[in-house]
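Chains as they are written, first to last, in my numbering: chain A, 1 to 636; chain B, 637 to 1003.
Dropping the structure here:
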């Protein structure tokens, strides 16, 4: 029948319709099951607004855990303009509290942004101001915690540490270089908002900020303090153009201390010039090294067996003729007849020209290259200089001669200390470094650790030993005597380099330097001091820089608990030098015998009696001639 | 002829779905209404009045024998035609959302195109039942009614209101299918439809963009993909149980006018997957009852009328749901019974009234 066909077609459409309704349900199911994650994340990002909470920046420690860069927590004002109902009132009140004009405040409050910071008046508020704002309890006005960088030792180590900007972003030094680690991850208070930015009445989500990774340096706080103190003294005493000191462990390349003048205060970095901030002189400065460079020539000559320090001799007549150039010794008239050990002790220029010539151009420049000159040392700091060394094909006899005693080359302080360390530590050139390890902030467990990196062995242990011996001799008998520390076997070399300006040597303008180490039988610390153009003093490195190095070395002895040594070369005394003596043990002696024994010292008596029962300093210690010895008398 | 009780299940399902719609209109519109009119109940009140009038009208219509329409069909379609012409005249018809399809009475509006949808079904049902013999002859039987449909579609497209036009055309094609027109005709219609679609796209390139963004809405998330993405942002996070009645986030200005075309997504956001099962379930009940009424109807006119009404509601509902879940490009069609819209609700309730009336005259053997 006719109806039948209609009914069949109707049922087809009915079935089809019902299937489509079910399909829609399945589609909803599919979206919620398989696209849930993506959609929820995107929707959350759309709905939620974040009130940022700044993460605590990683702390910078010295090698013993002393804090060099810290954080202090402050409060900042954050506005959400869309949530502020009575804009006029809020503007008036906030302007009053913060001390800004109402127009200025209006600008912030009416800004078309989701979150507005009142910068800088609303940043880093004190408790009183924060309390006042909190008491107002306005909608859309929030106070968030922010952490601010703080440098407890201010300008101390400033070039290395660097500083951060207002948003805690690293701007220079390690703060910039390790910014990625130090900055951590900011947290937030998340709340839901409608499409117009109004806050919805829903629960907030607190996203905890993740503190930054802590950085531990190889720097030793005590040694650094010593360096800073000595640099301050240099500035006060000599008013130099600039000055720098580096202290390094020669056995692994760890920098124990490093600083220079001028420096800056990272807490107030805005007050300094870009040059003052950016020029980390110990790694940036390049200049003619002068006599400290002779150590390299010495090492090369010894390694190549071109000289026997004791047997070979040299006659210095005050100058030497090389091709058309007449090279003078620093001592007018010359040093006369010397062994080569004495050549080193006297820092005799013609003697070193002879050594350079014996080694030969190719070989000497290969040593210079192997000792790391002319290229960056690779220290983990920004802004390192490379220095300039003659191209080998442009080296003639004159260039060879001047290079032998440190003229006509240009090096950085860090290159010198690294090279000399290699010369005295057994011949191993280590890459210097200043970041010891990165520490996880919660547990202080080690995230990453730097260890010593051997670049290459340059000379052998035997050669190195001879270099140490010669340099100890320089301090006990030669130009380095002002750095002599009794029973600690200081080795070292002075340097007095004329500065060059526009290709011409400047008159009366020198960089005075000294590189010293101790103990000479097993060097544990190397100190490099350079003072650029000190005023009102004899222009000799031995006179100006060596005593400074001695002070720093003395502090290193205490800090690193370096033991006294035996068998060092005794200092050769000039008439004006104070001598050192072992104190004999006089306990148990009578007064007369004790006076005889202690004839080089002052005696201070206490107590009554005939027999000495106590003595200070005790027997066996070494003190300077004429020092006071206290003796306590008593009855036996 | 016997006067049976009308189909109670259909009646109950319609009351439930329309009430649910009213609740959801309030829930989804309150933020928008508060912002726009300072009255969160604005849309609830308007739709509430229409729903009450609609239920009264449905009951009233259900008591008027459908047979009266057989005589009035020509007059009704003429009135619809005149109204459709009048609404195009500026000053009489007003523009809302870019279409001149309203007779504005205060904030309430009447859309003559909604009435035309029912009017044309009435007319076609009458035509088909009177010309049963001619149906197999395409030229004599089908072309006249197709011409009539294209005429109405054309006038509606002048507003323009593509969604309503498509529903109108599809209802008539559905009726022709039921009436036994040969399959080959529908393939021709299909080809014609595709050519027409291409023509429409060429006339207004934004339509192509809609189709393109349907394929990947993320291509233009702030432009043509906006609504689809915002709809997915409501559906996705809703989950099994939803965020709870009243807790939608998307209704806070993210999804514009959430009480209209995309109300289904807000329902899923607040009531979850169960909400979507509930809505689909209610529609399936209504659709099955509608078809049963058509199948059980005694005379051909009643059959065509019941089928036409049911098919129209089904098609519109499916098209809306599939747009909301991203299965079909955005067309701008409301969800029957649920979306906000006075004349749409009124005409749907009247249609159900007609269905209920037909259900009173059913053959016993099929009940």
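Ideal placement from N, C-alpha and C gives every residue a C-beta, glycine not left out.
Contact between the segment 924-935 of chain B and the segment 952-970 of chain B is not established, with fewer than three Cβ pairs separated by less than 8 Å. For residue 145 of chain A, the beta-bridge partners assigned by DSSP are A:75. With a threshold of 9 Å between beta carbons, residue 963 of chain B makes contact with chain A. Closest in C-alpha terms to residue 50 of chain A, from the list A:519, A:87, A:113 and A:35, comes A:113. A straight line joining the alpha-carbon of residue 551 of chain A with that of residue 230 of chain A spans about 8 Å.
In the DSSP assignment, residue 901 of chain B falls within the unbroken alpha helix (DSSP H) covering 899-932. Contact annotation: residue 335 of chain A and residue 351 of chain A have beta-carbon atoms nearer than 9 Å. Annotation for residue 33 of chain A: no residue places its beta carbon closer than 8 Å to its own, counting only its chain and skipping 5 residues before and after.
Residue environment for residue 31 of chain A: buried (at least 16 other C-beta atoms within 10 angstroms of its C-beta).
Chain-ordered, the chain B residues with CB closer than 8 Å to the CB of residue 46 of chain A read 869 and 890. Judged by DSSP secondary structure, residue 159 of chain A falls within the alpha helix (DSSP H) whose first and last residues are 158-161. Three or more beta-carbon pairs separated by less than 8 Å are not found between the segment 260-271 of chain A and the segment 394-408 of chain A, which leaves the two stretches without contact.
For residue 52 of chain A, the enclosing beta strand (DSSP E) starts and ends at 48-53. Rounded to whole angstroms, the Cβ separation of residue 291 of chain A and residue 405 of chain A is 6 Å, and the two are in contact under 8 Å. Beta-bridge partners of residue 428 of chain A (DSSP): A:457. The Cβ atoms of residue 91 of chain A and residue 109 of chain A sit closer than 9 Å to each other. Under the 8 Å Cβ criterion, the segment 19-31 of chain A does not count as touching the segment 169-176 of chain A, having fewer than three qualifying pairs.
Residue 450 of chain A is not a Cβ neighbour of residue 220 of chain A, given a cutoff of 9 Å.
For residue 314 of chain A, the enclosing beta strand (DSSP E) begins and ends at 313-316.
Under the three-state reduction of DSSP, residue 836 of chain B is assigned to helix.
Secondary structure of residue 875 of chain B (DSSP, three-state): coil. DSSP places residue 700 of chain B outside both helix and strand once states are collapsed to three, so it counts as coil. Excluding residues up to 5 positions away in sequence, 483, 514, 516, 527 and 529 lie with their Cβ nearer than 6 Å to the Cβ of residue 549 of chain A in the same chain. Going by DSSP, residue 647 of chain B is part of the alpha helix (DSSP H) stretching over 644-673.
Listed in chain order, the alpha helix (DSSP H) elements of length 4 or more contained wholly in the segment 172-238 of chain A are 173-177, 179-182 and 221-238. Within chain B, 813 and 814 have C-beta atoms less than 7 Å from the C-beta of residue 9 of chain A, given in sequence order. Of all residues in the segment 646-662 of chain B, none places a beta-carbon less than 9 Å from a beta-carbon of chain A.
Of all C-beta pairs linking the segment 373-384 of chain A to the segment 413-432 of chain A, three or more are shorter than 8 Å, placing the two stretches in contact. Here the C-alpha atom of residue 39 of chain A lies approximately 30 Å from the C-alpha atom of residue 977 of chain B. Residue 806 of chain B: member of the alpha helix (DSSP H) spanning 798-814, first to last residue. Here residue 321 of chain A carries a strand assignment [DSSP, helix/strand/coil]. Taking a 10 Å sphere around the C-beta of residue 906 of chain B, we find 16 or more other C-beta atoms and assign the residue as buried. Residue 496 of chain A is bridged by DSSP to A:512. In the three-state scheme derived from DSSP, where H, G and I count as helix and E and B as strand, residue 522 of chain A is classed as coil. Exposed is the label assigned to residue 606 of chain A, since fewer than 16 other Cβ atoms lie within 10 Å of its Cβ. DSSP places residue 501 of chain A within a strand segment (E or B) once states are collapsed to three.
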